[in-house]
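full-length UniProt numbering puts the first residue of the sequence shown at 1, with every later residue one more than the last. A virtual CB, placed ideally from N, CA and C, is assigned to each residue, including glycine. For clarity, every value in this text was computed on a predicted model and none was experimentally measured. Down below is the structure, laid out as structure tokens.
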Amino acid sequence: MTQDNSAIERAIAEEQVFVSTAYRALDAQRDYYTEQLARVRAQGGTGTPGAVSERDSFATHYEDNLIRLRNVENRLVMGRLDHTDGEVTHIGRMTLRGEDTSILLTDWRAPQSEPFYQATAAHPGDIVRRRHIQTRFREVTGIEDELLVSDAADSSDLNLIGEGALMAAMSGAREGKMGDIVATIQTEQDRIIRADSAGILVVQGGPGTGKTAVALHRAAYLLYTHRERLSRSGVLIIGPSPVFLRYIDQVLPSLGESDVVSTTIDQLVPGVVVGAQESAEVAQIKGRPIWATFAKRAVRKIVQKPLKEPVSFKINGTRVTLTPDMVDDAQRRARRSGKPHNQAREVYARHLVNLLAGQLATQMKTTVEESDWLIADVAGSIDARREINLRWLPTSAQGLLERIYHWPELLERIAPELTARERELLRRERGSALTSADVPIIDELAELLGPFASDSDKRERAARVEEQRQLGNYVAQTMDAMDLGGGIVTSQMMTERISDRPSSQTLAERASADRSWTYGHVVVDEAQELSPMQWRMIARRNPAKSMTIVGDLDQRPAGAPQGGWDEALGALADFHRVDQLTISYRTPASVLNVAREVMLRAGYNVGQMRAARDLPSAYRVTQGGTNELVDLVVRAAKEQDAEFGIGHGSIGVITSRSLHTKVGDLLAAAPDLTSWTLDRTGSEISARIHVLTAGMAKGLEYDVVVLVEPASVLRDGPGDLYVAMTRPTRRLDVLYQDQLPAGM
């Protein structure tokens, strides 16, 4: 609505009084935690182990709260609701109380804040007015009011919430990091953010609809709503690349949440490093769900071997015989234990050792019970250990996969369903670098095999056991000397209490280092790309199936599973529900329209989506070569310097995979571009100019995109061209020499 300047100035002054009060409350909390932390630190590390542990816990608590207060300081207050009964609710990044303990500021995630995002002129509820408050540091710089009880309801079919604040956010320069959208969350986004955590929620949304931001704000909302449960199990966020994770890494801290694990699908298995790429065809073969069957066969047929003929050998001069039935029985017992292969080996080996010891006892006319030293004789026999180990080999998941890829006969034995050509495509030398598609297979094998303890691991575990024993002896001696315990507290209880002092690691650190950790909630971004085997790996980390999955089926790369979300989700298909985001807040309408037409002409009918705005000259086509490319980039950089200030704004130069290196070298060598930083590896998110493929640009956005040879990008896949065309927030410059795809 239109307001005169004097009314706006009075409203700003009124809100400034409140904002200053809110910051005083924030400062009071910070002072309290700072004083408490200093008091705890002043006590030092002396005292009983229990007292030291307690002080460490308090120190961590105070430090975490100080970090949280620091992270929410910018734009602490963002809005206000005026109710029909005259009450006023201010909305912000966290709940703050005044000196009288009454609520001063309400967390945006609280139920009382829902009308700030949900109320409309058609359905205002008890809200008379919604006010968006713009601040810079601690100063109010502007307000925007929406009267929700007006007779004239909003005539826009988009029905945008806080349209002025939203348009300002969309028009700002794009820097290296994603910002939060908490002040401009729209109704369809808020509905998804606050949806029930139970089950798998799939958010289908086209480019620029805010899928990633919605997923991150939903994670923050769930951490607030289910604090007790999720503080124990944690939230896992899976992004498409390390660059993407750096791009979003400030969003959750700015919302007051930092104890989450953010990783890529390639980094889900601790200790496994991806160092090579492979063709889409090979990746597709490795991504098939039948690899779960192959993995089971590998364990049963390669590392759990039957004994075909009896084997005889001597133990201290007495001959014993290991028979196929003995080995078969021991293996059945081990499998029935329910333990993974490496841990079940103890059941298997113990049974065979006992049977062989029984043979020795019979020949010596004694019993194992009467002569338990016979067990040690068998266990110490080199021949016995060799024959027992050969039938149940301890191994690591990565080591087993290397053997499968290296030896054609092993792969044929476990994967007869693959063609001879497919098996040949998988063959590689031992020690070869791993690829992305190897990771879920390793995870599948690791689930079946269990942890593999090397000799150094065993020595370390033995040292911990000995340390625990010595600690127990020390505690017992101390309690005896001081006449403590009295039959109520035993030395064992005290030892356990001391040794169980909480780890200094955060939940996120502990979870990311533990392959078997199960999370309370999982967020998956760019989910349309994942293979069935990758979905199995994700499902293993969230048995409760509480997930938020966001993606766009129209942006699938070549080789990705086709069909709808039922087909894309693999093992999780039966547990999901789909919600949609339909408004693009990134890309101008004229660019979206061209992108949709190009996809239609290429034979792909992309989902319908409305743009929140359009801009003049947002789509331009230039025919030319090297000089024109440099000119386009220089012009965009100069325009951004003039509009946003020196060094602000971003330019994405997107090419096909085949042209990426050539274009990167060309721009890096261009004298006219030395004034601006350039990144061609996809790793420097703060650079001004980025040279990328569509795959590298996925999930990211730029003020201006220069699309080089779109016909070549289309050959990489229609999804790649669609991604490339929908990255800009202000303008798409298309450069070509010979031919454009139909529709451009």
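Along the chain, where does the beta strand (DSSP E) containing P728 start, and where does it finish? Counting along the chain, the unbroken beta strand (DSSP E) around P728 starts and ends at 728-736.
Can you give me the C-alpha to C-alpha distance between V621 and P270, rounded to a whole angstrom? Taking the straight line from one Cα to the other gives about 47 angstroms.
For R427, the nearest candidate out of D266, L410, I441 (CA to CA): Scanning D266, L410, I441 for the CA closest to the CA of R427 turns up L410.
When the Cβ atoms of the segment 549-565 are set against those of the segment 668-686, are three or more pairs found closer than 8 angstroms? With the cut-off at 8 angstroms, the segment 549-565 and the segment 668-686 do not touch.
Distance CB(A81)-CB(I127) smaller than 7 angstroms: It is worth fixing the name first, because residue 81 is Leu in this sequence and not Ala. Closer than 7 angstroms, so yes.
Check whether A13 and I143 have beta carbons under 7 angstroms apart: Contact check for A13 against I143 fails: the beta carbons are separated by 7 angstroms or more.
Which of the three DSSP states is assigned to I12 in this structure? It is helical.
Give the secondary structure of H90 by DSSP, where H, G and I count as helix, E and B as strand, and everything else as coil. Assigned with DSSP and collapsed to three states, H90 falls in strand.
With H, G and I counted as helix, E and B as strand and the rest as coil, what does DSSP make of M326? In the displayed model, M326 falls within a helix according to three-state DSSP.
Compute the Euclidean distance between the alpha carbons of A330 and R345, then round it to the nearest angstrom. Spanning the alpha carbons of A330 and R345 requires a straight line of approximately 9 angstroms.
Residues of its chain near I285, where Cβ-Cβ distance is below 6 angstroms and the 5 sequence neighbours each way are ignored: These residues qualify, in order along the chain: E422.
Could you pull out every unbroken alpha helix (DSSP H) segment of at least 4 residues lying fully inside the segment 417-456, listed in chain order? With a minimum length of 4 residues, the continuous alpha helix (DSSP H) runs that stay inside the segment 417-456 are 420-426, 438-449.
For the 8 angstroms Cβ check, are there 3 or more pairs between the segment 176-194 and the segment 568-575? Counting Cβ pairs under 8 angstroms, fewer than three are found: no touch.
Specify the secondary structure class of R232 as computed by DSSP and reduced to three states. Here DSSP, grouped into helix, strand and coil, assigns R232 to helix.
Using 10 angstroms around the beta-carbon of T726, count the other beta-carbons present and answer buried if the total reaches 16, otherwise exposed. When all chains shown are included, T726 counts as buried.
For the alpha helix (DSSP H) that K314 lies in, which residues bound it at each end? Per DSSP, K314 belongs to no alpha helix (DSSP H); it is in the beta strand (DSSP E), 311-315.
Residues near Q43 by beta carbon distance below 8 angstroms, same chain, minus five either side: Excluding positions up to five away in sequence, the list reads R55.
In angstroms, rounded to a whole number, what distance separates the CA positions of T212 and V550? Straight through space, the alpha carbons of V550 and T212 are spaced by roughly 7 angstroms.
Here's a check: name, in chain order, each residue in its chain whose Cβ is nearer than 7 angstroms to the Cβ of D383, leaving out the five neighbours to either side. Cβ neighbours of D383 within its own chain (closer than 7 angstroms, five residues either side excluded): F313.
What is the rounded straight-line gap between the Cα of R403 and the Cα of H690? Rounded to the nearest angstrom, the two C-alpha atoms are 40 angstroms apart.
Return the bridge partner residues of D107 from the DSSP annotation. Note: D107 sits in a beta bridge opposite G92.
Those residues which DSSP pairs with E370 across a bridge: Paired residue(s): none; E370 is not in a bridge.
Can you tell me whether R730 is buried or exposed? The criterion is at least 16 other CB atoms within 10 Å of its CB, across all chains shown. By the beta-carbon neighbour count (other beta carbons within 10 angstroms, threshold 16), R730 is buried.
With which residues is H690 paired in a DSSP beta bridge? Among the bridge pairs identified by DSSP, H690 is matched with G652, D679.
Is the beta carbon of A298 sitting closer than 7 angstroms to the one on I414? A contact, by the Cβ cut-off of 7 angstroms.
Going by DSSP, what residue range makes up the beta strand (DSSP E) through R350? No beta strand (DSSP E) holds R350; the alpha helix (DSSP H) holding it covers 341-363.
Give the secondary structure of Y702 by DSSP, where H, G and I count as helix, E and B as strand, and everything else as coil. Reduced to three states, the DSSP call for Y702 is strand.
Between the C-alpha atoms of Q739 and L700, what's the straight-line distance to the nearest angstrom? Each residue's Cα considered, the two are about 27 angstroms apart.
Run through DSSP, which three-state label would G239 get? The answer is strand: DSSP assigns G239 an E or B state.
Within the 7 angstroms Cβ cut-off, does T120 reach chain C? Going by chain labels, chain C is absent from the structure shown, which holds only one protein chain.
With three or more C-beta pairs closer than 8 angstroms as the rule, is the segment 96-108 touching the segment 128-137? Between the segment 128-137 and the segment 96-108 there are fewer than three inter-stretch CB-CB distances shorter than 8 angstroms, so the stretches are not counted as touching.
For D82, list the residues DSSP reports as bridge partners. DSSP output for D82 lists V88, R129 as bridge partner(s).
So, using beta-carbon positions, are G125 and R586 closer together than 7 angstroms? No, the Cβ-Cβ distance between G125 and R586 is not below 7 angstroms.
Span separating the alpha-carbon of V704 from that of R556: Looking at the two C-alpha atoms, the distance is approximately 23 angstroms.
Excluding the five sequence neighbours on either side, which residues of its own chain have a C-beta within less than 8 angstroms of the C-beta of T490, listed in chain order? Any reading at T490 needs caution, since the residue's pLDDT is 44, under 50, leaving its predicted position unreliable; the model's value is listed next. Nothing listed; no residue qualifies.
Backbone CA spacing between Q112 and I200 [nearest angstrom]: Near 26 angstroms, if we compare the C-alpha coordinates of I200 and Q112.
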